[in-house]
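Below is one structure, written out as structure tokens, with a few remarks after it.
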Amino acid sequence: RIESNQKKDDDLLGILLQMRDQISNDHIRDEVLTLILSGHETTANVMSWAFSYLAKNPKIRKQLEDESDNAIWISEDRTPSYQELEESSKVASAVLQETMRLAPPVWVAPRIATTDCTIDGIKIPKGAHVLVSQYVTHRNPRFFPEPEKWQPERWLDANFEKSLPRGAYFPFGGGSRKCLGEHFALAEARLILLLVAKNFRLSGKFPKAQPRATYRPKGAVKNKVSLR
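Numbers 24 to 251, taken from the numbering used here, label the letters of the sequence shown in order.
Have a look at this one:
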């Protein structure tokens, strides 16, 4: 885009290129690569787990299908506004939240202490490596009854998420380094869930996990796809 001298400011690349006086081209390239890579594999993993859980839970799958049937924007074959998508995807959102609880896209968050500090009575020296695991924290029975069970209905209670203390549920991280693609990823995932549920049913063997930098299924996730 730089070589063709295209001036476009309605996408992220255009916004970054407007900052060329402040940041280098290498910096811009690194930012774009980070967004592409972190925004692709993580969402793909979540969708693989979500459809695998749905295949095991026909009751929830039926609720999702009903929600997709009631979505006006799908029947009108158009792209919804963000607000319209939120209002028409309560079940889809619950499916995603519960899937990210048990299969968080990033399952551990490493940090380095910048100063000496004491947290909950534990002394942490400057320079210490600290690991905070979404996978472990999301299975705390104090906050999530029957923590090993996939129960999207828990998120349909408007008061449930409000009752969680800060840090009990953080699939996108938290603080100043919280994932900047959170809202985009959730919107994208809701769209995929509802559009697939409107037309298809997936069934297959539930995959084993292969935790790497991301919490991914081991190998290819093979499914039988049938029309509704």
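Each residue gets a CB set at the ideal place from its N, CA and C atoms; glycine is no exception.
Quiz item: Does the distance from the C-beta atom of Phe223 to that of Arg251 stay below 8 Å?
Solution: yes
Quiz item: According to DSSP, which residues form a beta bridge with His152?
Solution: Ile135
Quiz item: Buried or exposed: which applies to Met42, given that a residue is buried once 16 or more other Cβ atoms fall within 10 Å of its Cβ?
Solution: exposed
Quiz item: Taking buried to mean at least 16 other C-beta atoms within 10 Å of its own C-beta, is Leu119 buried or exposed?
Solution: buried
Quiz prompt | Reduced DSSP category for Gln120 - H, G, I as helix; E, B as strand; rest coil | solution = helix
Quiz item: Can you list the alpha helix (DSSP H) stretches of 4 or more residues lying completely in the region 150-185, in chain order?
Solution: 157-160
Quiz item: How about Glu211 and Thr66: do their beta carbons lie closer than 8 Å?
Solution: yes
Quiz item: In the DSSP assignment, what are the bridge partners of Arg224?
Solution: Ser249
Quiz item: What are the boundary residues of the alpha helix (DSSP H) that includes Gln233?
Solution: Run containing Gln233: none in the alpha helix (DSSP H); it sits in the beta strand (DSSP E), 232-234.
Practice problem: Taking only runs that begin and end inside the region 59-132, name each unbroken alpha helix (DSSP H) of 4 or more residues, in chain order. | Solution: 81-93, 95-98, 105-110, 113-125
Quiz item: So Ile46 is in the alpha helix (DSSP H); what residue range does that whole segment cover?
Solution: No alpha helix (DSSP H) contains Ile46, which DSSP labels as neither H nor E.
Exercise. Classify Thr237 as helix, strand or coil using the three-state DSSP reduction.
Key: coil
Quiz item: In angstroms, rounded to a whole number, what distance separates the CA positions of Thr138 and Ile147?
Solution: 8 Å
Quiz item: Based on Cα-Cα distance, which residue from Leu77, Ile135, Ala115 lies nearest to Leu214?
Solution: Ala115
Exercise. Identify the continuous beta strand (DSSP E) that holds Lys146 and give its terminal residues.
Key: 145-147
Quiz item: So, is Pro234 buried or exposed, given that buried needs 16 or more other C-beta atoms within 10 angstroms?
Solution: exposed
Self-check item: Other residues of its chain near Ala117: CB distance less than 6 Å, five sequence neighbours each side excluded
Solution: Pro175, Trp178, Leu179
Self-check item: Where the beta strand (DSSP E) through Cys140 begins and ends
Solution: 140-142
Quiz item: Going by beta carbon distance, what residues of the same chain come within less than 7 Å of Tyr105, once the five residues before and after it are set aside?
Solution: Ala210
Self-check item: Alpha-carbon spacing of Ala73 relative to Thr122, whole angstroms
Solution: 6 Å
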